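Undergrad: Quick note, this note's numbering runs 38 ahead of the 1-based positions in the sequence shown. I have a structure here, written as structure tokens, and I will follow up with some questions on it.
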Amino acid sequence: MARRGHLPSQSKSNGLEGISLDLRDEMINIENQFNVTSEKLKRISERFEEELREGLEKEGSNLSMNVTWVLGLPTGDETGSYVTIDLGGTNLRVCLVSLKGQREEIDIKQQACRLPPTIKTGDAETLWDFIVDSLEEFLKKHQLTANRNDRLPLGFCFSYPASQDYIDHGKLKTWTKGFDIDGVEGEDAAGQLRDALAKRGLPLELVALVNDTTGAMIASAYKDPDTIIGAIFGTGCNAAYVENVGSIPKLKTSLPPETPMAINCEYGAFGNAHCVLPRTKYDIIIDDQSPRPGEQTFEKMSAGLYLGEIFRLVALDLYEKGLIFTGQNASKLKEPYILETGLLSALENDPLEACRIRLEECLGIKVTLDETRVAHRLAEIVATRGARLCACGIAAICRMKGITSGHVAADGTVANKHPKFKERWTEALGEILDWPKDRREDPIILTSAEDGSGIGAAVISAMTLYRIHGGNTDGIQAR
Ligand code: GLC
39 MARRGHLPSQ SKSNGLEGIS LDLRDEMINI ENQFNVTSEK LKRISERFEE
89 ELREGLEKEG SNLSMNVTWV LGLPTGDETG SYVTIDLGGT NLRVCLVSLK
139 GQREEIDIKQ QACRLPPTIK TGDAETLWDF IVDSLEEFLK KHQLTANRND
189 RLPLGFCFSY PASQDYIDHG KLKTWTKGFD IDGVEGEDAA GQLRDALAKR
239 GLPLELVALV NDTTGAMIAS AYKDPDTIIG AIFGTGCNAA YVENVGSIPK
289 LKTSLPPETP MAINCEYGAF GNAHCVLPRT KYDIIIDDQS PRPGEQTFEK
339 MSAGLYLGEI FRLVALDLYE KGLIFTGQNA SKLKEPYILE TGLLSALEND
389 PLEACRIRLE ECLGIKVTLD ETRVAHRLAE IVATRGARLC ACGIAAICRM
439 KGITSGHVAA DGTVANKHPK FKERWTEALG EILDWPKDRR EDPIILTSAE
489 DGSGIGAAVI SAMTLYRIHG GNTDGIQAR
């Protein structure tokens, strides 16, 4: 099993004794390329902190550090019913969220569908029509009606880098997570959705555009006052935290300097200058073949969309060198993105024979038990590096803010579904932050913000409406 700062040694206990010497040498070579030592983690995290600070300092920095106009954390007493829509990397989800206040249970009705690939690479009109269709169907199904003067509040979770002049506005900088839809980059995504809703005459009022990281933080803080950060370890990788307005030099505002402001870091873009992240040739291939080469360097090495693809590229390399699946036509292994990150979770979780069968199904070839052990090891190597890198961003925020304890509310498939992510992430965080090895408890804990996008968008909509009613309309455009 992976120990602090080191991948498991090649010596005795990794079950690879039966494989050829050439393959064993190659595995050592791969391990070395993917190994991120404690020292390297610290160096990455230091550079991370510099990029976070630069992003707060000036517009146009590598990390956007977007102000969100979410002014602090919720009290937990927010109430009301809100429709939310969540355009994530994989699914589109519509929810009706009823908040009951007093940090109580929240009632949710929801409808989700997988985003068709044609939407992800189509045009703006098709995207908004698809979203409005889903909303219309949902409103009908739940008999949600309102008159024109009393429209239902809508929170829009838009998990892409959008700069926000207002909470109900979001100018998309660039698509991430493999999206490539014409006509939205450089435009206000909230405005485009608002227009599409008006065209269809739906009784909804877009109150807030919310990043999923901010959503995770706020949803969690609604129930858990120890929340310090919201993070997504899913298709993409990013985090949000609360800054003081006075520590955001690029923000010109009349708000008092001590006003809290949630920041969406957009730190999937960390390391775009390629000076600190230990990129392998596989990472370079992924970047070159992506719709936006040169962008989201950190995300492409650590997030769920890419882990399966990194694994595939390494396995393909072994196959092309004649070291695995010899004499077989492994053409499926040549198909980009055919292996999902769920396969990596299964390889680390399931019994060997079940893994062997699953690999045969995915690849359409015969797989031996030794090859299954090799695949297990590769899954471990790729996922371990991902989890360790993921700790660097959170450590950097904690160091910058002087945070020493609290809860990091995490959402996303890697955080929620990978059997070893949490353990590896925590271990790496401890290495970077020099936690004592014999500690009884971890001072910073990864908690689950499952459904952060829906609940978070609802709580933020509530906070926004409360602000409007209280006459505090800083950073609110509509009305
Ligand atoms: C990508 C997006 C970011 C989002 C993250 C997690 O990095 O740019 O906005 O928070 O994925 O979904």
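From the three backbone atoms N, C-alpha and C, an ideal C-beta is built for every residue, glycine too. The structure displayed is predicted, hence computed values, not measured ones.
Helix, strand or coil, according to DSSP, for Val-446 in the structure here?
TA: Here Val-446 sits in strand by DSSP.
Undergrad: Is the Cβ-Cβ distance between Ile-219 and Ile-169 less than 8 Å?
TA: Contact flag unset, no.
Undergrad: Between which two residues does the beta strand (DSSP E) harbouring Gly-268 extend?
TA: Where Gly-268 is concerned, the enclosing beta strand (DSSP E) stretches over 265-271.
Undergrad: Sorted by chain position, which residues of the same chain lie with C-beta nearer than 8 Å to Glu-398's C-beta, five sequence neighbours on each side aside?
TA: Around Glu-398: Lys-404, Val-405.
Undergrad: Give the DSSP bridge partners of Asp-124, in chain order.
TA: Its beta-bridge partners are Arg-131, Cys-195.
Undergrad: Going by DSSP in three states, Asn-67 sits in which element: helix, strand or coil?
TA: If DSSP states are grouped into helix, strand and coil, Asn-67 belongs with the helices.
Undergrad: Let me make sure I understand the geometry here. Which of Lys-261, Leu-182, Arg-505 has the alpha-carbon closest to that of Ala-487?
TA: Per the Cα distances, Lys-261.
Undergrad: By Cβ distance, which residues of its chain are closer than 6 Å to His-456, with the 5 residues on each side in sequence left out?
TA: Contacts found: Ser-383.
Undergrad: If we ignore side chains and look at the alpha-carbon of each, how far apart do Ala-277 and Leu-177 end up?
TA: Roughly 31 Å separates the two Cα atoms.
Undergrad: From Leu-153, Arg-152, Ser-136, Cys-151, pick the residue whose C-alpha is nearest to that of Asp-145; which is it?
TA: The shortest Cα separation from Asp-145 among Leu-153, Arg-152, Ser-136, Cys-151 belongs to Ser-136.
Undergrad: Can you tell me whether Ile-57 is helix, strand or coil according to DSSP?
TA: Three-state DSSP puts Ile-57 in coil, outside helix and strand.
Undergrad: Throw me the rounded Cβ distance for the Glu-304 and Ile-324 pair, which I believe falls under 8 Å.
TA: The pair is not a contact, with the Cβ atoms about 19 Å apart (cut-off 8 Å).
Undergrad: Give the DSSP-derived three-state secondary structure of Asn-276 in the structure shown.
TA: Three-state result, Asn-276: strand.
Undergrad: DSSP beta-bridge partners for Ala-246?
TA: BP columns for Ala-246 point to Gly-193.
Undergrad: Taking all protein chains shown into account, decide if Asp-250 is buried (16 or more other Cβ within 10 angstroms of its Cβ) or exposed.
TA: Per the 10 Å Cβ criterion, buried.
Undergrad: State whether the region 281-296 contacts the region 314-323, with contact taken as three or more CB pairs (one from each stretch) at a distance under 8 Å.
TA: Flag = no, the region 281-296 and the region 314-323 do not touch.
Undergrad: I need the straight-line Cα distance from Leu-45 to Phe-194, nearest angstrom please.
TA: Residue confidence is low: Leu-45 scores 42 on pLDDT, short of 50, so the model does not pin down where it sits. Its coordinate-derived value is still stated next. Distance between the alpha carbons of Leu-45 and Phe-194: 41 Å.
Undergrad: In the DSSP assignment, the beta strand (DSSP E) including Arg-317 goes from what residue to what residue?
TA: From DSSP, Arg-317 is part of no beta strand (DSSP E); its letter is neither H nor E.
Undergrad: Should Tyr-198 be counted as a contact of the ligand GLC given a C-beta to heavy atom distance under 7 Å?
TA: For the ligand GLC, at least one heavy atom lies less than 7 Å from the Cβ of Tyr-198.
Undergrad: State the beta-bridge partners of Lys-147 as determined by DSSP.
TA: Beta-bridge pairing links Lys-147 to Leu-134.
Undergrad: Can Glu-409 and Ile-376 be called in contact, C-beta distance under 8 Å?
TA: Cβ atoms of Glu-409 and Ile-376: not closer than 8 Å.
Undergrad: According to the neighbour-count rule (16 or more other Cβ atoms, all chains shown, within 10 Å of its Cβ), is Thr-502 buried or exposed?
TA: Buried.
Undergrad: Return the residue from the list Tyr-357, Gly-431, Leu-109 that minimises the CA-CA distance to Asp-372.
TA: According to the sequence shown, residue 372 is Lys rather than Asp. Among Tyr-357, Gly-431, Leu-109, the Cα nearest to that of Lys-372 belongs to Tyr-357.
Undergrad: Taking the beta strand (DSSP E) that Thr-485 belongs to, which residues open and close that run?
TA: Unbroken beta strand (DSSP E) run through Thr-485: 482-486.
Undergrad: Using 8 Å as the threshold, is the region 126-136 in touch with the region 480-496, meaning 3 or more CB pairs across them?
TA: Flag = yes, the region 126-136 and the region 480-496 touch.
Undergrad: Skipping 5 residues on each side, what residues in its chain have a beta carbon closer than 8 Å to that of Ser-51?
TA: For Ser-51, the pLDDT reaches just 47, beneath the cut-off of 50, and the residue's location in the model is therefore unreliable, although a value from the coordinates is still provided. So the list is empty, once near-sequence residues are dropped.
Undergrad: Is Ile-256 near the ligand GLC, with its Cβ less than 7 Å from a heavy atom?
TA: Checking every heavy atom of the ligand GLC against the Cβ of Ile-256, none is found closer than 7 Å.
Undergrad: Over the uninterrupted alpha helix (DSSP H) stretch that includes Met-438, give me the two end residues.
TA: Counting along the chain, the alpha helix (DSSP H) containing Met-438 begins and ends at 407-439.
Undergrad: How would you label Lys-138, buried or exposed, when you count the other beta carbons within 10 angstroms and need 16 or more for buried?
TA: Under this definition Lys-138 is an exposed residue.
Undergrad: Would you call the CB atoms of Val-121 and Leu-235 closer than 8 Å?
TA: No.
Undergrad: Beta-carbon separation of His-207 and Gly-224 under 8 Å?
TA: No, Cβ-Cβ distance for His-207 and Gly-224 is not below 8 Å.
Undergrad: Could you give the C-beta distance for Val-446 and Ala-269, rounded to a whole number, given that I count them as a contact under 8 Å?
TA: With a Cβ gap of about 6 Å, Val-446 and Ala-269 count as contacting.
Undergrad: So, with DSSP's three-state summary, where would you put Gly-508?
TA: If DSSP states are grouped into helix, strand and coil, Gly-508 belongs with coil.
Undergrad: Would you kindly work out how many angstroms separate the C-alpha atoms of Asp-226 and Cys-430, rounded to a whole number?
TA: In a straight line, the C-alpha of Asp-226 is about 31 Å away from that of Cys-430.
Undergrad: Between which two residues does the alpha helix (DSSP H) carrying Asn-387 extend?
TA: Its alpha helix (DSSP H) spans residues 379-387.
Undergrad: Do Arg-462 and Phe-72 have their CB atoms nearer than 8 Å?
TA: No, Cβ-Cβ distance for Arg-462 and Phe-72 is not below 8 Å.
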